[in-house]
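Number of protein chains: 2
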Amino acid sequence: MPHRRVLLADVARMAGVSRSTASRALVDDPRISEPTRTAVQHAAADLRYVPDAAARSLRARHSRILGLLLANLSDPVHGQIAAAFKETAWASGYRVIIAAGMQDPALERTALRIFTEHAAEGIAMVSCVLAPSEAQTRTRPDRLIMVQPDHRRVRRYRGPLLAGVIMTDDASGVEMVVDHLVATGHQDIAYVGSGDRASSTVHREAVARALRRHGIHRAVDRYPSAADGWSGQGHDEIAALIAAAPPDALICYDDMLALGLMDALRQRGIQAPQDISIVGFDGILFAGLSNPRLTTVSTPLSELGQLAAASLISTIQSGTLPPARVLPVELVIRESTGVRGPRA
Amino acid sequence: MPHRRVLLADVARMAGVSRSTASRALVDDPRISEPTRTAVQHAAADLRYVPDAAARSLRARHSRILGLLLANLSDPVHGQIAAAFKETAWASGYRVIIAAGMQDPALERTALRIFTEHAAEGIAMVSCVLAPSEAQTRTRPDRLIMVQPDHRRVRRYRGPLLAGVIMTDDASGVEMVVDHLVATGHQDIAYVGSGDRASSTVHREAVARALRRHGIHRAVDRYPSAADGWSGQGHDEIAALIAAAPPDALICYDDMLALGLMDALRQRGIQAPQDISIVGFDGILFAGLSNPRLTTVSTPLSELGQLAAASLISTIQSGTLPPARVLPVELVIRESTGVRGPRA
DNA sequence: TACCTTGGTGCAATCGGTTGCGCAACTGGG
DNA sequence: CCCAGTTGCGCAACCGATTGCACCAAGGTA
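See the structure below:
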């Protein structure tokens, strides 16, 4: 070992004061006089003093750590949320421990335990499968924030207060999509979900509802859901089914699925937008680079992450629980949706 | 607050033993008798005891924390690396604090300081801009692992031993690309880099070298580099330049850039592979879903993350430094590269 | 019976900061 | 010159776990 770690005691010694004074000088405690303060701060800088987070956390009873539990770290959607969350947290002096739940309740429970071990002062769960009520038994109920595209389960929830709920207005997004598709002559509209994600259900129901509003009553849920987890697997099987009797338009759980299906269908000679219109969800960067560029419901991913962190931190600092937020989404019309004749 | 935190003392009291015994029973210390052990473990389970990581870390002098510093959390490349790193670390009982350097030395320095505060036992820097030597002054030199596509700087490096170096064999990837392009009739081959990433230089030089080997001496570096950071910005300006006098083939810094350029060129009526061949790097999922599907040099992203974590952990546990590793890459030929006539 | 193992536990120190409280020095008014 | 009222700083306890070492009760041996 080159040289042992520099302690607060070393700084204090160099500055010729006690550890208490040194400690207070470093956090700009008003009781410390100006000359002393600067002396200590210079000593700390000279010695390259780095405080020990564990010791501080132990005594000061705060860890300045946030837990972020999301479905999957490696997909762009969650990546973007995570990046914004982390950024916001760091800017306020909080560090974040990241965990991936992979849609597995056991993994999510483990993650929550780890967060507790590290005395996380707040936890955000993004697209998780654990019920809010169970999650709350495993941590401070009011230091937990749920981020979900899904309205229903969270809306139904009536347990102890959460630190917050942040949702995206997927139902409205679906409305906009269906309105647009119908307005451009599409009658036969199908939805393809993903795994057993709760939001698939929300989407599906919203599609059916919107279609009914337009007086269209064909079944929406004609195809199996894609395997979960961004594996890119199973697209071809679904594409085969779709190719057998293509609908006018296909609304997909997310951009990834839309892109995957669009590719698989192209292999089978079915092109968007000529033969079929395809719509995704999320508005990831790649949706704007595909050929044809993908029409999608863009959700404010970065804002989601940022808001989650900010809400958590303000709850921690002020103790007041922020109201539930529903973030607006936006329909981005690009090239993957076309115009159908009045009756194809 | 519902009820205060459960302490080891509570567990000990319930099991009718001292804290020391309880502590030892929970880690299966051989000195503790079977009945005592189970009694303590049951008590801990009943009480839902969760040890305090800070206290443990303080006394036991290990934090079981790894620091992961990568260029950017929100792009799929680093997302995938991060996911694998995190997974491997957790499986060995290590948690990870993630930071993003955004190609900014100041940010990277801050991240290293935070890691030190949390007493990270190992740090991995992925695609960072800080020199190894500087990074080493800010942490235990032998607990640092560098992950870089770039060979040169790391190869040149002759400071204190690192915990490891993991590289991808980009130079070979470039060779394969050029060989393939030349074999399929391409003569006029250009490279487009990204920001001032070091690996852009490596790529560029490798392309030039490979071309010389084939007796081709045209300038490779004809276009400005794209703005860094996955913004997707600036593609159009470059595309305009390219469109003015399109080369036979374009090799791009990464898949993202390739996809972006392919899209921008398409807007200008230049189609791959008919009008131009385009090749990317990394082999992200979307490269296989574009239209045309992107030919790319696929790098083992997950393996990279996994290996980094595993090496770090084995170094921590055994103290032996693993050898530098160069991971092989693979040329994936898809639709974005075609065949040129003997002389277009 | 006295002594020595040896296995099983507990005592108390310790990790590195933070913080309640007390004390000394200095200030200024009476 | 005395005393109350600041101002600036240090003492020592404390946070919750881990761990070196001492201790005690059996069991074995002489």
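Here the protein sequences line up with chains W and D, keeping their order. Here the first sequence is numbered in the working numbering, starting from 310 and rising by one per residue. Here the second sequence is numbered in the working numbering, starting from 310 and rising by one per residue. All residues carry an ideal CB built from backbone N, CA and C; glycine is no exception.
Beyond the five residues adjoining it in sequence on each side, W:R527 comes within less than 8 angstroms, by CB distance, of Q496, D497, I498 and L520 in the same chain, given in chain order. Taking 7 angstroms as the cut-off between beta carbons, the residues of the region 570 to 596 of chain D near chain W are D572, R575, L594 and F595, in sequence order.
D:V501 has a beta carbon lying at 9 angstroms or more from every beta carbon in chain W.
Take D:D572, set aside five residues on each side of it, and the residues of its chain with a beta-carbon closer than 8 angstroms to its own are H544, in chain order. Per DSSP, W:V486 is one residue of the alpha helix (DSSP H) stretching across D479 to A492.
Per DSSP, reduced to three states, the secondary structure at D:V474 is strand. For D:V456, the beta-bridge partners assigned by DSSP are D:V435 and D:I475.
Setting aside the 5 residues that flank it on each side, D:A318 is surrounded in the same chain by R328, each with a C-beta closer than 7 angstroms to its C-beta; the list follows chain order.
Using a 10 angstroms sphere on the CB of D:R346, the tally of other CB atoms reaches 16 or more, which defines it as buried. Across the set W:A363, W:S383 and W:R368, the C-alpha of W:S383 shows the shortest separation from the C-alpha of D:I593. As a beta-bridge residue in DSSP terms, W:T605 pairs with W:G589 and W:V641.
Between the C-alpha atoms of W:A618 and D:P344 there is a straight-line separation of about 46 angstroms. Around the Cβ of W:R452, a 10 Å sphere holds 16 or more other Cβ atoms; the residue is buried.
Looking at W:E484, W:L630 and W:V486, the one whose alpha-carbon comes closest to that of W:I454 is W:L630. DSSP, read as helix, strand or coil, puts D:A324 in helix. Annotation: W:G614 is outside any beta strand (DSSP E); the continuous alpha helix (DSSP H) that includes it extends over L610 to S627. Secondary structure at W:S366: helix, using DSSP grouped into helix, strand and coil.
Chain order gives the chain W residues near D:L382 as G388, A391, A392 and K395, where near means a beta carbon separation below 7 angstroms.
W:T604 sits close to W:S645, with the two beta carbons spaced by under 9 angstroms. At a cut-off of 9 angstroms between beta carbons, D:H526 makes no contact with chain W.
Our two residues, D:R602 and W:H523, have alpha carbons roughly 38 angstroms apart in a direct line. Neighbours of W:R422 across chain D, judged by C-beta separation under 9 angstroms: V359.
When the Cα atoms are used, D:L640 and D:M485 turn out to be separated by approximately 7 angstroms. For the region 398 to 414 of chain D, the beta-carbon criterion of a distance under 9 angstroms to any beta-carbon of chain W is satisfied by W399, R404, V405, I406, I407, A408 and A409. Here D:L568 is actually not in contact with W:F424; their C-beta atoms are around 36 angstroms apart, not less than 8 angstroms. For W:R602, a Cβ of chain D is located within less than 9 angstroms of the residue's own Cβ. DSSP, read as helix, strand or coil, puts W:S508 in helix.
In the DSSP assignment, W:V405 forms a beta bridge with W:L375. Judged by their CB atoms, D:I406 and D:A429 are nearer to each other than the 9 angstroms cut-off. 9 angstroms or more divides the Cβ of D:V386 from the Cβ of D:G482. For W:A429, no beta strand (DSSP E) encloses it, and the DSSP letter there is neither H nor E. Our two residues, D:A324 and D:A633, have alpha carbons roughly 50 angstroms apart in a direct line.
By a beta-carbon distance limit of 8 angstroms, D:A409 contacts D:N381. Their separation comes to about 6 angstroms. With a beta-carbon spacing of about 17 angstroms, D:A369 and D:V320 fall beyond the 8 angstroms limit used to define contacts.
Contact between W:Y500 and W:D530 holds, since their C-beta atoms are separated by about 6 angstroms, short of 8 angstroms. In this structure D:I585 touches D:P556 by the C-beta definition: roughly 7 angstroms separates them, less than 8 angstroms.
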